[in-house]
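Working notes, beginning with the structure itself.
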Amino acid sequence: QLRVVKLADKSVAEIGDTIEFTIRFDNLGGLELKDVTLIDNLTPRLEYVDGSATHTLNGELQVEDNGEGSSKLIFRLNGPLEGKTGGVLKFQCVVR
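If you count by this note's numbering, then the sequence shown holds residues 6 to 101, one letter each, in order.
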């Protein structure tokens, strides 16, 4: 049981504005989850700010072209996500 919630620090943004996104993920169950990967496929209106990502758990972020004029962010945990625990991934995008 993995819960994932994505929030933005702004409810309204214009071209050129920077938005910080927070993705909170929680293992609601009692058993560990293995091979946890979060994928966020950004809309062409958003440009990922290189180097802006931070995360609270040990993992690796890969940024790829999504073929739609923007990026796909792929965050993989380096180990299992223990039961009843979670983490946070934050990153910034500029509105185009």
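Using N, Cα and C, we set each Cβ at its ideal position, and we do this for glycine too.
Everything numeric in this text was worked out from a predicted model, so none of it was measured.
Pairwise C-alpha distance: residue j and residue i
| i | j | result |
| --- | --- | --- |
| arginine 50 | isoleucine 28 | 19 Å |
| alanine 58 | glutamate 65 | 10 Å |
| aspartate 22 | threonine 61 | 25 Å |
| aspartate 40 | aspartate 70 | 22 Å |
| glycine 102 | proline 85 | Nothing about residue 102 can be reported from this structure: the residues present for the chain run from 6 to 101 only. |
Per-residue DSSP class, three states only, for residue i
| i | result |
| --- | --- |
| glutamine 97 | strand |
| aspartate 14 | coil |
| aspartate 70 | strand |
| arginine 29 | strand |
| glycine 92 | strand |
| arginine 8 | strand |
Test item: CB-CB of residue i and residue j under 8 Å
| i | j | result |
| --- | --- | --- |
| isoleucine 24 | lysine 11 | no |
| asparagine 32 | leucine 38 | yes |
| glutamate 19 | valine 100 | yes |
Chain-order list of residues whose beta-carbon lies under 7 Å from that of residue i (same chain, five-residue window excluded)
| i | result |
| --- | --- |
| valine 68 | Tyr53, Ser76, Leu78 |
| threonine 48 | Ser75 |
Neighbour flag for residue i against chain D, beta carbons, 8 Å
| i | result |
| --- | --- |
| arginine 81 | In summary, chain D is missing from the structure at hand, where a single protein chain is found. |
Same chain only: Cβ atoms within 8 Å of residue i, ignoring 5 sequence neighbours per side
| i | result |
| --- | --- |
| threonine 90 | Asp31, Asn32 |
Bridge partners - residue i, DSSP secondary structure assignment
| i | result |
| --- | --- |
| serine 76 | Asp70 |
| glycine 64 | Leu82 |
| threonine 23 | Val99 |
6 Å CB neighbourhood of residue i in its chain, flanking five on each side removed
| i | result |
| --- | --- |
| glutamine 97 | Thr23, Glu25, Val54, Ser57 |
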